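First comes the structure, then the notes that go with it.
Protein chains: 4
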Amino acid sequence: MSIRFALLGAGRIGRVHAKAIAANPDATLVAVADPFKEAADAIISRFGGEARTVEEIETAGDIDAVVICTPTDTHADLIEKFARAGKSIFCEKPVDLTIERVRQCLQTVEETDATLMIGFNRRFDPHFRAVRRAIDDGRIGNVEMIQIVSRDPGPPPANYITSSGGIFRDMTIHDFDMARFLLGEEPDTVFATASVLVDPQIGELGDFDSASVTLATASGKHCTISNSRRAAYGYDQRVEVHGSLGSVAAENQRPVSIEVATSAGYERPPLHDFFMTRYTEAYAAEIASFIASVKAGKKPSPSGADGLAALLLAEAALKSVNEGRAVRLEEIGG
Amino acid sequence: MSIRFALLGAGRIGRVHAKAIAANPDATLVAVADPFKEAADAIISRFGGEARTVEEIETAGDIDAVVICTPTDTHADLIEKFARAGKSIFCEKPVDLTIERVRQCLQTVEETDATLMIGFNRRFDPHFRAVRRAIDDGRIGNVEMIQIVSRDPGPPPANYITSSGGIFRDMTIHDFDMARFLLGEEPDTVFATASVLVDPQIGELGDFDSASVTLATASGKHCTISNSRRAAYGYDQRVEVHGSLGSVAAENQRPVSIEVATSAGYERPPLHDFFMTRYTEAYAAEIASFIASVKAGKKPSPSGADGLAALLLAEAALKSVNEGRAVRLEEIGG
Amino acid sequence: MSIRFALLGAGRIGRVHAKAIAANPDATLVAVADPFKEAADAIISRFGGEARTVEEIETAGDIDAVVICTPTDTHADLIEKFARAGKSIFCEKPVDLTIERVRQCLQTVEETDATLMIGFNRRFDPHFRAVRRAIDDGRIGNVEMIQIVSRDPGPPPANYITSSGGIFRDMTIHDFDMARFLLGEEPDTVFATASVLVDPQIGELGDFDSASVTLATASGKHCTISNSRRAAYGYDQRVEVHGSLGSVAAENQRPVSIEVATSAGYERPPLHDFFMTRYTEAYAAEIASFIASVKAGKKPSPSGADGLAALLLAEAALKSVNEGRAVRLEEIGG
Amino acid sequence: MSIRFALLGAGRIGRVHAKAIAANPDATLVAVADPFKEAADAIISRFGGEARTVEEIETAGDIDAVVICTPTDTHADLIEKFARAGKSIFCEKPVDLTIERVRQCLQTVEETDATLMIGFNRRFDPHFRAVRRAIDDGRIGNVEMIQIVSRDPGPPPANYITSSGGIFRDMTIHDFDMARFLLGEEPDTVFATASVLVDPQIGELGDFDSASVTLATASGKHCTISNSRRAAYGYDQRVEVHGSLGSVAAENQRPVSIEVATSAGYERPPLHDFFMTRYTEAYAAEIASFIASVKAGKKPSPSGADGLAALLLAEAALKSVNEGRAVRLEEIGG
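Chains as they are written, first to last, in UniProt numbering: chain V, 1 to 334; chain P, 1 to 334; chain W, 1 to 334; chain X, 1 to 334.
Next up, the structure:
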């Protein structure tokens with residue numbers, strides 16, 4: 001049985017998923033919906049399927065699952081629509097930028113017993129997975145302190161910032177999910193510091209480009225997250241977990257690993273400069289995991305609840321910056 | 001225009017090329033030939049095309065190029081056949097295990113002005129390419145000394161050894177090609193030492209499993225190659241080029257790059273354990289290069305002459321081991 | 001002219017300094033004072049000098065400088081005594097565990113115009129110095145975010161904890177000084193989280209063994225510090241500075257740098273397991289710097305004010321943990 | 001009991017040993033002999049002892065051991081002189097540049113039952129020792145293939161070349177000793193290639209500046225050595241041993257280990273640029289080992305026989321270059 005897919009949104013992340021679907025022997029791309037016809041056609045000509053409207057997909061008998069890659073403000077509506085239509089749903093993060101709307105949407109998912117997976121792709125990166133596996137295998141004993149460094153190669157354009165929900169909901173949210181993936185215990189307190197060091201325009205839009213966040217759990221585990229919207233040397237994505245018996249760290253990735261030694265020293269090339277090349281394997285494994293869950297009739301992971309949990313941490317971080325204090329998750333309904 | 005391909009030989013390396021062809025927007029897999037029908041069908045069901053005989057492909061009007069992945073002893077015949085049929089030819093190394101037959105075959109290629117590329121995939125590995133680029137960019141000055149370490153994870157089965165032509169023609173041949181790719185000058189002398197340290201059965205079959213080779217050029221450049229049929233830690237593939245202004249080295253590759261630190265020390269996972277996973281990107285880039293050459297009507301590289309040159313070095317190495325002395329290429333007609 | 005030294009306190013850190021003095025061509029060890037005669041004699045027999053009392057040293061005409069390595073609660077008194085006696089003073093950190101006493105003592109130093117250097121040895125580590133130099137040379141642009149990881153191999157005994165002043169005054173204080181050394185701007189806010197994850201006894205004594213601290217400056221620079229009293233893999237001492245043009249990081253140090261590759265992976269030995277072997281070069285360079293300052297008649301660095309500044313950060317960190325909020329330095333008189 | 005030393009030769013290597021003797025609690029520097037009085041005095045003023053002639057030292061009752069750091073052509077005479085005088089002898093390599101004279105000298109050592117250690121300092125480097133220990137501990141199984149890379153930062157002056165005995169006797173000799181230290185079996189065959197790539201003047205003097213050597217043992221183990229008189233990035237000193245269960249490698253050493261990441265890539269500083277800073281610890285451990293042997297009344301290692309064995313390999317290498325063939329040690333009396 002091949003899972004029959006419809007892709008909603010034919011932008012660059014949509015294309016990544018279309019490619020993963022086409023390459024997966026257990027899946028077929030049947031339909032692509034995008035108001036911008038050329039975008040849909042470009043994907044169709046390369047990876048198969050046909051152009052359809054969202055409404056056609058909603059009622060189609062030959063579609064098992066949808067992949068939602070549309071703008072963020074349409075996610076919750078589409079999840080609800082396809083939950084009611086009985087389709088399995090993979091949705092890019094976030095469900096929505098407001099807690100209330102996310103809760104409402106997840107309520108619908110629960111009532112319809114829909115299958116929903118949220119696109120926290122980093123959980124599927126082979127290096128981060130191996131970190132988790134090292135923990136699960138007991139190699140570092142009890143997890144105590146985590147350090148996540150997550151820096152973009154360069155700041156996004158102003159119009160992206162405007163609709164992004166801010167650095168915590170847009171960028172740190174991946175790190176919040178990673179923290180939850182690795183801590184083995186829910187954070188209950190968040191402290192965050194944020195500032196504008198990279199691009200004054202980001203500050204003018206009310207956002208930050210540099211942030212340091214500390215999460216703490218009830219038993220006293222810590223996780224610190226360091227974010228910057230700029231890293232001259234590429235896409236900096238590191239995780240290190242310190243435990244009672246040792247540590248495990250995922251190293252940065254570069255497209256080419258050579259070393260040139262001259263009188264100036266030993267030089268290796270910069271890192272990947274783009275999240276899509278950095279996370280190529282993660283995106284493919286993510287969709288493969290979704291397909292496997294759908295085939296097996298199991299609820300996929302990360303779930304809608306994982307999406308909500310990360311958003312709550314983002315909310316708490318923002319509150320912490322504004323109030324200069326540690327914020328407990330329970331204060332914001334977490 | 002899409003280049004229309006026929007695949008000859010549906011074994012594991014054939015499958016690698018079929019995948020690369022299917023994924024390449026400028027190519028189509030039209031036909032697959034293999035006496036073992038199930039193998040051909042498995043590839044067809046996944047990557048397209050239909051089953052045909054070699055003869056059908058030879059005379060087909062809808063085939064532009066063939067990829068030869070059949071057993072070594074059929075390579076020369078097939079090259080000649082398809083050269084005469086006017087197809088562009090990609091052939092896995094080696095053309096043949098005997099110098100004489102290779103020369104004869106290349107003569108036919110020349111007479112028919114055929115397009116022939118030999119599958120020295122490592123030239124297309126992004127890391128080795130970057131080494132070459134660093135040299136071409138003048139970053140290390142004049143090339144002086146090269147060191148190649150090339151070790152398999154484990155020895156092949158006895159029946160493979162029997163038909164392989166021996167370690168120099170089968171394994172070191174890749175390193176000879178790499179040496180030529182990087183030296184910037186043809187080696188004119190070969191000295192080789194070889195022994196049986198890994199598997200006595202290999203010795204009983206008249207072959208070696210461990211070899212150290214030194215190549216020298218007229219101007220005094222050296223290249224040393226270290227081969228072993230066994231490396232407990234994986235597929236060890238390193239190249240280092242020392243020049244007047246510095247050095248450049250390609251590092252080993254591992255599927256997962258984490259580091260676990262415990263009281264025992266800092267541990268990173270083993271290397272890739274299989275040439276296909278190690279050289280995934282190289283295989284795709286290799287076929288892409290062939291396709292681009294065919295589209296552009298240019299002669300591809302590495303050529304049949306490159307195949308011959310590497311084989312001559314293998315021949316010289318074997319003679320050197322037998323006679324305990326440095327062998328000049330000209331002694332064997334190089 | 002050779003600087004004539006008296007050593008106060010013949011414990012293990014005293015021995016380190018005695019060795020550095022003896023090996024320095026510009027210094028001579030003239031006297032050693034320690035109530036435990038065997039300890040003083042052991043140093044004298046190896047590095048020269050004679051046993052004297054503190055009082056004899058105070059009035060001696062043949063002593064230019066003293067090195068104070070006595071218990072912490074004697075530091076301030078001894079600094080004052082030797083400031084009045086006109087001796088140059090090198091004192092191990094901290095000046096005292098209370099802010100008030102430190103201010104009082106530094107007042108005396110100022111009134112007597114005494115020469116005082118505080119033993120923040122890490123500033124003299126060649127690797128951390130090189131980090132600072134890379135910053136000063138403009139290689140990473142403007143400093144934005146710093147990350148310090150500082151972990152002991154194992155927790156100290158309970159009686160050490162009791163007199164240590166707690167993790168922030170005893171352990172993090174080095175990191176606070178390092179942060180000030182590298183930030184290029186004074187931190188004005190401190191947020192700290194601390195817990196007991198390593199040794200419950202430390203918690204029973206009212207202290208913590210695991211801490212995460214974030215410092216922020218007026219212009220928005222951040223520094224995060226991660227401390228643990230236990231690292232199974234050795235003495236973990238890392239600093240990374242992120243700037244507008246790149247980053248610079250000091251790597252961990254190990255006594256032996258080999259790598260063993262087996263089927264289990266690639267393994268390097270653990271780090272140094274003791275601060276004295278880790279910072280051997282730093283201790284020697286520290287005393288050399290003090291000697292050079294004394295010879296040149298200049299005020300040495302780090303100064304008493306640096307000692308106070310680090311202690312204020314420790315105080316603020318403790319207050320932050322207790323109150324669950326960011327604490328401004330000015331709140332505690334900083 | 002403190003071993004009482006005389007130092008013969010107050011040049012830069014003599015100074016290194018004087019420092020090691022002065023710092024060793026089991027040794028005392030009693031006398032220094034050097035025709036150049038200022039050199040001797042400089043050492044005496046720093047590390048103790050008094051100036052004496054070689055003859056005075058020969059007959060002195062207060063000297064237990066001599067350290068010979070004089071020009072190479074005096075080594076054999078001095079060894080014989082002090083062997084007869086009953087002093088323990090540490091002599092810098094080589095004993096002599098000719099095999100015959102070495103044999104003669106060692107004959108005297110044997111007849112007088114003298115204690116003689118040859119200065120192959122690299123055996124005492126902590127990293128190379130750890131490589132040996134990993135082998136001895138069985139971590140890599142049976143040793144099969146060794147690779148030694150040994151490159152100087154830059155070529156020596158012409159007058160040094162003239163008296164050096166050529167690259168094999170002067171530079172490769174250290175690598176020959178390292179090969180013997182690690183192989184666990186004597187090499188019986190040598191093949192060498194050498195050329196002039198760095199400095200034409202070296203060629204005019206009849207020497208080489210670039211060499212590749214392969215050693216082989218009776219059981220088929222190989223060791224390749226790659227030498228160059230120039231490495232733009234510093235003093236390149238690597239050893240890698242490949243065995244049946246894995247490999248062990250000693251990494252290069254740099255004085256400062258930081259990494260600067262910018263848009264150009266990740267850069268670490270160059271290596272040590274001088275053998276004395278690279279091998280500081282090795283020199284100290286070497287003399288400590290000699291002192292320990294003398295104190296214990298044991299024959300030290302490496303011995304005079306080790307000095308001869310390395311010289312025989314150098315001789316064989318030179319013969320191999322000249323004759324373009326593998327040379328068996330037995331051909332030159334090995």
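Ideal Cβ positions, reconstructed from N, Cα and C, are used throughout, including at glycine. Keep in mind it's a predicted model, so treat the numbers as computed, not measured.
Using beta-carbon distances, residue 151 (chain P) counts as an interface residue toward chain X, with a partner under 9 Å.
Chain V has no Cβ within less than 9 Å of the Cβ of residue 277 (chain W).
Residues of chain X whose Cβ lies closer than 7 Å to the Cβ of residue 261 (chain V) are, in chain order, 233. The alpha-carbon separation between residue 321 (chain V) and residue 206 (chain V) amounts to approximately 12 Å.
Taking 8 Å as the upper bound on Cβ-Cβ separation, chain W lies near no residue of the stretch 51 to 75 of chain V. Within the stretch 167 to 192 of chain V, those residues whose Cβ lies closer than 7 Å to any Cβ of chain W are, in chain order, 191. Residue 233 (chain P) counts as buried, since at least 16 other C-beta atoms from the protein chains shown sit within 10 angstroms of its C-beta. In this structure, DSSP gives residue 223 (chain V) an extended state, which the three-state scheme calls strand. By the beta-carbon neighbour count (other beta carbons within 10 angstroms, threshold 16), residue 160 (chain X) is exposed. Under the 9 Å criterion on CB atoms, residue 134 (chain W) is classed as interfacial with respect to chain X. When secondary structure is reduced to three states using DSSP, residue 242 (chain W) falls in the strand class. Take residue 151 (chain V), set aside five residues on each side of it, and the residues of its chain with a beta-carbon closer than 6 Å to its own are 228, 231 and 236, in chain order. With respect to chain V, the C-beta atom of residue 25 (chain P) has a partner C-beta closer than 9 Å.
Each residue's CA atom was taken as its position, placing residue 261 (chain W) and residue 144 (chain X) some 14 Å apart.
Annotation for residue 66 (chain X): 5, 6, 7, 8, 57, 78, 82, 87, 88, 89 and 90 place their beta carbon closer than 8 Å to its own, counting only its chain and skipping 5 residues before and after. The stretch 291 to 302 of chain X and the stretch 298 to 311 of chain V do not touch, with fewer than three beta-carbon pairs separated by less than 8 Å. Around the CB of residue 138 (chain V), fewer than 16 other CB atoms lie within 10 Å, so the residue is classed as exposed.
Residue pairing by DSSP places residue 4 (chain X) opposite X:28 in a beta bridge. Bounds of the alpha helix (DSSP H) holding residue 105 (chain W) are 99 to 111. Pairing residue 39 (chain W) with residue 11 (chain W), the inter-Cα distance amounts to about 7 Å. Interface with chain V (9 Å Cβ-Cβ cutoff): residue 319 (chain W) is excluded. For residue 268 (chain V), the chain X residues whose Cβ falls inside 7 Å of its Cβ are 265 and 266, in order along the chain. Counting only unbroken stretches of 4 or more residues, the alpha helix (DSSP H) elements lying wholly within the stretch 111 to 165 of chain W are 126 to 136 and 158 to 164, in sequence order. Looking at the DSSP output, residue 91 (chain V) shares a beta bridge with V:68 and V:118. Residues of chain P with a Cβ closer than 9 Å to the Cβ of residue 237 (chain X) do not exist, since the nearest Cβ in that chain sits about 14 Å away. One thing to note: residue 258 (chain W) has its Cβ within 9 Å of the Cβ of residue 134 (chain X). Using a Cβ-Cβ cut-off of 9 Å, residue 246 (chain P) counts as an interface residue toward chain X, since at least one Cβ of chain X sits closer than that to its own.
Closest by C-alpha distance to residue 141 (chain X), out of X:244, X:317 and X:31, is X:244. Among the residues facing chain W, residue 127 (chain X) is included, as its CB has a counterpart in that chain under 9 Å away. Straight-line spacing of the CA atoms in residue 271 (chain V) and residue 226 (chain V) works out to 18 Å. The stretch 196 to 215 of chain X and the stretch 165 to 182 of chain X touch, with no fewer than 3 CB-CB distances between them shorter than 8 Å. The C-beta of residue 157 (chain X) has fewer than 16 other C-beta atoms within 10 Å across all chains shown, which makes the residue exposed. If you draw a straight line from the Cα of residue 80 (chain V) to the Cα of residue 191 (chain V), it is about 33 Å long. Under the 10 Å beta carbon count, residue 26 (chain X) is surrounded by fewer than 16 other beta carbons and is classified as exposed. Taking a beta-carbon distance threshold of 9 Å, residue 221 (chain X) counts as an interface residue toward chain P. Of the other Cβ atoms in all chains shown, fewer than 16 fall within 10 Å of the Cβ of residue 37 (chain W); this residue is therefore exposed.
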